[in-house]
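J.: Supplied in structure tokens, the structure appears directly below.
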Amino acid sequence: AQKVTQAQTEISVVEKEDVTLDCVYETRDTTYYLFWYKQPPSGELVFLIRRNSFDEQNEISGRYSWNFQKSTSSFNFTITASQVVDSAVYFCALSENSGYSTLTFGKGTMLLVSP
Amino acid sequence: EAGVTQFPSHSVIEKGQTVTLRCDPISGHDNLYWYRRVMGKEIKFLLHFVKESKQDESGMPNNRFLAERTGGTYSTLKVQPAELEDSGVYFCASSQFSGSVETQYFGPGTRLLVL
Numbered sequence: 001a002q003k004v005t006q007a008q009t010e011i012s013v014v015e016k017e018d019v020t021l022d023c024v025y026e027t028r029d030t031t032y033y034l035f036w037y038k039q040p041p042s043g044e045l046v047f048l049i050r051r052n053s054f055d056e057q058n059e060i061s062g063r064y065s066w067n068f069q070k071s072t073s074s075f076n077f078t079i080t081a082s083q084v085v086d087s088a089v090y091f092c093a094l095s096e097n098s099g100y101s102t103l104t105f106g107k108g109t110m111l112l113v114s115p
Numbered sequence: 001e002a003g004v005t006q007f008p009s010h011s012v013i014e015k016g017q018t019v020t021l022r023c024d025p026i027s028g029h030d031n032l033y034w035y036r037r038v039m040g041k042e043i044k045f046l047l048h049f050v051k052e053s054k055q056d057e058s059g060m061p062n063n064r065f066l067a068e069r070t071g072g073t074y075s076t077l078k079v080q081p082a083e084l085e086d087s088g089v090y091f092c093a094s095s096q097f098s099g100s101v102e103t104q105y106f107g108p109g110t111r112l113l114v115l
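Top line first, the protein sequences correspond to chains A and B.
Okay, so the first sequence: first residue is 1 according to my numbering, each after it adds one.
Okay, so the second sequence: first residue is 1 according to my numbering, each after it adds one.
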């Protein structure tokens, strides 16, 4: 069975600090996809990134970066120079195989960025 | 392009009553998913439609939950009769395959409180 663990329930930082959100996953499949979603106070889940299991290259998008390491089954998310607008709940998720596949979510990490 | 929309945004009902949640997917998306987040827990899969057919309903908690997607467009999720443990946030997501890859886009959720 697949599982996603986000050990950090809540993180508080001050604006301009860097912050890393941890995500550890478990799966028996060799082909799988990892996702990060952001849930701002408005409530919707906003897609941030999808990464497949065969692509371990790290990705950077502006202030966001993701570190995928199969050796430790981790897919961590770093926000550089955090801003108040980054305050949200962040969810890591996993889907197995290609084709139709439901998402298995972690419990989410609430990030609070103070001015 | 409009995103996934859900109605109502909030619903407060008494135990034993019936509630119907609606989801309008992104236009052209064949896949429609329902998920639920109970307070403090993970977002959990409920069921998946491909067009008007139920592809997977393994996450439906019991027969008090009935989902439909007539005509393969919008979907409804009815809870009858509602119980206290049904309280939570119900998310809808839709997707369309691009090759073998799928990304689910979520709506804002319906917050259900059963008293």
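Even glycine gets a Cβ: it sits at the ideal position worked out from N, Cα and C.
(1) In angstroms, rounded to a whole number, what distance separates the CA positions of Thr-110(B) and Tyr-33(B)?
(2) Shorter than 7 Å from the beta carbon of Phe-68(A) to some beta carbon of chain B?
(3) Where does Asp-22(A) fall in DSSP's three states?
(4) Quick check: what's the CA-CA separation for Glu-56(A) versus Trp-66(A)?
(5) Can the beta-carbon of Ser-114(A) be found closer than 7 Å to that of Val-14(A)?
(6) Against Lys-38(A), what residues of chain B qualify as contacts under a CB-to-CB distance less than 9 Å, listed in chain order?
(7) Glu-42(B) touches chain A at which residues, Cβ-Cβ below 7 Å?
(8) Are the beta-carbon atoms belonging to Thr-5(A) and Val-24(A) less than 7 Å from one another?
(9) Can you tell me which of the three DSSP states Leu-84(B) falls into?
(10) Between the Cα of Gly-3(B) and those of Asn-63(B), Lys-41(B), Tyr-74(B), spot the shortest distance and give me the residue it belongs to.
(11) In or out: Asp-18(A) buried (at least 16 other Cβ within 10 Å) or exposed?
(12) In terms of residue numbering, what span does the beta strand (DSSP E) encompassing Asn-67(A) cover?
(13) Is the shortest distance between the beta-carbon of Gly-71(B) and the beta-carbons of chain A less than 7 Å?
(14) Using a threshold of 7 Å, state whether the C-beta atoms of Phe-105(A) and Phe-91(A) are closer than that.
(15) On the premise that Lys-51(B) lies in contact with Gly-72(B), defined as a C-beta separation below 8 Å, what is that separation, rounded to the nearest angstrom?
(16) Taking Cβ-Cβ distances shorter than 7 Å, what residues in chain A pair up with Gln-104(B)?
(17) For Tyr-33(B), return the contacting residues in chain A, with the cut-off set at a CB-CB distance below 9 Å.
(18) What number of angstroms, rounded off, separates the C-alpha of Lys-3(A) from the C-alpha of Lys-16(A)?
(19) Going by CA-CA distance only, name the one from Gln-39(A), Lys-70(A), Leu-48(A) that's closest to Thr-30(A).
(20) Would you kindly work out how many angstroms separate the C-alpha atoms of Leu-103(A) and Gln-17(B), rounded to a whole number?
(21) Whole-angstrom Cβ separation of Gly-107(B) and Thr-20(B), contact assumed at under 8 Å?
(22) Where do the ends of the beta strand (DSSP E) carrying Phe-35(A) lie?
(23) Taking the beta strand (DSSP E) that Asp-56(B) belongs to, which residues open and close that run?
T.: If we stick to the structure as given:
(1) Here residue 110(B) refers to the residue found at position 110 of the second sequence. Here residue 33(B) refers to the residue found at position 33 of the second sequence. The straight-line gap from Cα to Cα measures roughly 14 Å.
(2) Taking the first sequence and counting its residues from 1, the one referred to as residue 68(A) is at position 68. It does not: the Cβ of Phe-68(A) has no partner Cβ on chain B nearer than 7 Å.
(3) The residue labelled residue 22(A) in the question sits at position 22 within the first sequence. If DSSP states are grouped into helix, strand and coil, Asp-22(A) belongs with coil.
(4) Mapped onto the first sequence, residue 56(A) falls at position 56. Mapped onto the first sequence, residue 66(A) falls at position 66. Roughly 10 Å between the two C-alpha positions.
(5) For the purposes of this step, residue 114(A) is taken as residue 114 along the first sequence, with counting starting at 1. For the purposes of this step, residue 14(A) is taken as residue 14 along the first sequence, with counting starting at 1. Yes, the Cβ-Cβ distance between Ser-114(A) and Val-14(A) is below 7 Å.
(6) Counting from one through the first sequence, the residue named residue 38(A) turns up at place 38. Per Cβ cutoff of 9 Å: no residues; Lys-38(A) is ~10 Å from chain B at best.
(7) On the second sequence, position 42 is the one that residue 42(B) refers to. Phe-105, Gly-106, Lys-107, listed in chain order.
(8) Sequence index remark: in the first sequence, residue 5(A) carries index 5 (1-based). Sequence index remark: in the first sequence, residue 24(A) carries index 24 (1-based). Yes.
(9) By one-based count along the second sequence, residue 84(B) stands at place 84. Helix, per DSSP.
(10) Here residue 3(B) corresponds to residue number 3 of the second sequence, with the count starting at 1. Of the candidates Asn-63(B), Lys-41(B), Tyr-74(B), the one whose C-alpha sits nearest the C-alpha of Gly-3(B) is Tyr-74(B).
(11) For the purposes of this step, residue 18(A) is taken as the residue at position 18 of the first sequence. Exposed is the call here.
(12) Numbered from 1 along the first sequence, position 67 holds the residue referred to as residue 67(A). Where Asn-67(A) is concerned, the enclosing beta strand (DSSP E) stretches over 64–69.
(13) Along the second sequence, one-based indexing puts residue 71(B) at 71. Closer than 7 Å: no.
(14) The residue you call residue 105(A) lines up with position 105 of the first sequence. The residue you call residue 91(A) lines up with position 91 of the first sequence. Yes, the Cβ-Cβ distance between Phe-105(A) and Phe-91(A) is below 7 Å.
(15) In the second sequence, the residue the question calls residue 72(B) occupies position 72. In the second sequence, the residue the question calls residue 51(B) occupies position 51. Right, their Cβ atoms sit about 4 Å apart.
(16) One-based indexing of the second sequence puts residue 104(B) at position 104. Those within 7 Å of Gln-104(B) in chain A are Leu-103.
(17) As a working note, residue 33(B) is residue 33 in the second sequence. Result: Thr-102, Leu-103.
(18) Residue mapping note: residue 3(A) aligns to position 3 of the first sequence, counting from 1. Residue mapping note: residue 16(A) aligns to position 16 of the first sequence, counting from 1. Looking at the two C-alpha atoms, the distance is approximately 32 Å.
(19) Here residue 30(A) refers to the residue found at position 30 when the first sequence is read from its first residue. Taking only the C-alpha atoms, the option nearest Thr-30(A) is Lys-70(A).
(20) To locate residue 103(A), count along the first sequence from 1; it is residue 103. To locate residue 17(B), count along the second sequence from 1; it is residue 17. Cα to Cα, Leu-103(A) sits roughly 30 Å from Gln-17(B).
(21) For the purposes of this step, residue 107(B) is taken as the residue at position 107 of the second sequence. For the purposes of this step, residue 20(B) is taken as the residue at position 20 of the second sequence. Contact flag wrong, Cβ pair sits at about 15 Å.
(22) One-based indexing of the first sequence puts residue 35(A) at position 35. In the DSSP assignment, Phe-35(A) falls within the unbroken beta strand (DSSP E) covering 32–39.
(23) Along the second sequence, one-based indexing puts residue 56(B) at 56. It spans 53–56 - the beta strand (DSSP E) in which Asp-56(B) sits, taken as one unbroken run.
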